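A short write-up of the structure that comes next.
Residue numbers (this note's numbering): -1 to 510.
Right, here's the structure in full:
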């Protein structure tokens, strides 16, 4: 009987297009409180699977990987940057050296050279910026330590915070450089050759083959040859989301026909929108005639403008799904525009939580409480928490009403009880610095067992009409029917050797 029930359940799952619940996740301590304390009670965000541990006041820095293995022992270096292209910068005393992902020192810089500890000295496309300590000018080295481009370029500093505007890493084969004598920007290639002359009053590094520059008195966009791509009658949208308005193929503009998208050939791909937002998860929200739709990274409208706007920015795509408004209700859609769920919540009572999940809140008990639903709208965590964080690596941090934190997984199980006094995400899925995991009030690092993203669920399909079961056939009878000795015509049938009549015919004859 049990086997039969299991088969029926699986059949229903396949028929309705649902997903089989994932196995519960587990959390494992990968760095103990003793090790964490020895490392200086500090773990930086992970980059390329390695994180810096330690503090200068505790004797220096080391590094660990995502399994908690020591890559570089604590207190080895006086400074240590994040990894980029498998290389990080590490300093002992005044000397910088390049270190690979295993902790091996690749080369040592000349003592007269230094690096920026911010990302401007990261390796990009095989080269990294280094600075001449005496002149303050910079050049570029490769991963063998060879000075490929001499240190002859000057940075431009912002008066606020000393932010460098020149000397950025290479992108799309070009690096932004600044001519301090004439106050113009230009671009050099990896040999140091000036390929786009100093002519821009302001500029930014290239992204996906597009470069933002100020040419004359307006912001515009160029390709890697310096050719202007923005049509003269159009304006480039320049705000805090400017970089996010570039996809792999197009950028967002406004012009005489409203908002639109221009490709790398300088052609208008689509336009006529009342508004266009930045790209998120490969999609950009657009509006037309008061309705919301979505374009893909090619600027093509792939989900028609058919949804209502509610003024919230949580209608953007995150991890494959978006929240949209339809009349008085809301839907969850995937990137094909297919509706995967129809949660029954008000505008501000739910939103994306990453990984195809959504938070929601309820005040039915008289106090606001939070829980989670999946992309089908199914409740996986009942509303019982004071606050919740986004999912990462298949787990989400949750806080009870005593101010203690724990973790739930995508099955809804509370895999770490609410006993933690603090939780800090380490920029690596499923890895967190937590406090009081062992009940001793100290900090350690824990990691989830991993998680496989569910495939996009199919819409529930209508049950197919079952085939008519095989049974006895009915055939007109050849028998004579007599009533009071007289033959009467009837619509009668023989089924399994017996004659059958319609009750209405019998009633008519007998009452006649």
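Ideal Cβ positions, reconstructed from N, Cα and C, are used throughout, including at glycine.
Given the structure is predicted, the values throughout are model-derived calculations rather than measurements.
For residue 33, the three-state DSSP class (helix, strand or coil): helix
Residue from 293, 172, 359 with nearest C-alpha to residue 223: 172
Rounded separation between residue 235 and residue 214 - CA only: 16 Å
First and last residue of the uninterrupted beta strand (DSSP E) at residue 417: 412 to 418
Pairwise C-alpha distance: residue 366 and residue 69: 45 Å
Buried or exposed by the 16-neighbour rule on C-beta atoms within 10 Å, applied to residue 179: exposed
Limits of the unbroken beta strand (DSSP E) element including residue 305: 299 to 306
Whole-Å CB distance - residue 26 paired with residue 44, under 8 Å assumed: So it is not a contact: roughly 16 Å between Cβ atoms.
Three-way DSSP call (helix, strand, coil) for residue 380 in this model: strand
Separation of residue 326 from residue 435, as counted between CA atoms: 44 Å
Member of 408, 403, 362, 23 whose CA lies at the smallest distance from the CA of residue 353: 408
Spatially closest choice to residue 203 from 241, 333, 370, 271, by CA coordinates: 241
Reference residue 209; option with closest CA among 189, 248, 177, 291: 248
Residue 346 in three-state terms, based on DSSP: helix
Contained alpha helix (DSSP H) runs [length at least 4] in the segment 29 to 85, N- to C-terminal order: 31 to 36
Residues near residue 207 by beta carbon distance below 7 Å, same chain, minus five either side: 170, 221, 222, 262
Residue 205 versus 426, 246, 369, residue with shortest Cα-Cα distance: 246
Residue 159 versus residue 346: straight-line alpha-carbon distance, rounded: Below a pLDDT of 50, predicted positions are generally treated as unreliable, and residue 159, at 42, falls in that range; no measurement from the model is reported.
CB-CB length for residue 127 against residue 165, believed under 8 Å: 5 Å
Distance between residue 388 and residue 427 (C-alpha atoms, nearest Å): 11 Å
Of the residues 60, 131, 129, 73, the one placed nearest residue 98, counting alpha carbons only: 60
Residue environment, residue 298, which counts as buried when at least 16 other CB atoms sit within 10 Å: exposed
Backbone CA spacing between residue 469 and residue 314 [nearest angstrom]: Interpretation of residue 469 is limited by its pLDDT of 43, a score under 50 that renders its predicted location unreliable; no figure is taken from the coordinates.
Alpha-carbon spacing of residue 46 relative to residue 84, whole angstroms: 7 Å
Straight-line Cα distance separating residue 182 from residue 535: Residue 535 cannot be examined here, being either before or after the span of the chain that is shown, -1 to 510.
Residue 369, enclosing beta strand (DSSP E) - first and last residue: 367 to 372
Beta-carbon proximity list for residue 212, same chain, < 8 Å, skipping 5 on both sides: 198, 199, 200, 201, 218
Terminal residues of the beta strand (DSSP E) in which residue 527 lies: This structure cannot settle anything about residue 527, because the visible part of the chain is limited to -1 through 510.
Rounded separation between residue 291 and residue 402 - CA only: 41 Å
DSSP beta-bridge partners of residue 99: Residue 99 pairs with nothing; no bridge assigned.
Buried/exposed call for residue 194, threshold 16 Cβ in 10 Å: buried
Residue nearest to residue 306 in terms of C-alpha spacing, selected from 289, 295, 282, 320: 289
Euclidean distance between Cα positions of residue 31 and residue 114: 32 Å
Secondary structure of residue 359, DSSP reduced to three states: strand
Start-to-end residues for the beta strand (DSSP E) that takes in residue 204: First-last for residue 204: undefined, no H or E at that position.
Close beta carbons around residue 316, own chain, < 7 Å, minus the five adjacent residues each side: 278, 279, 350, 352
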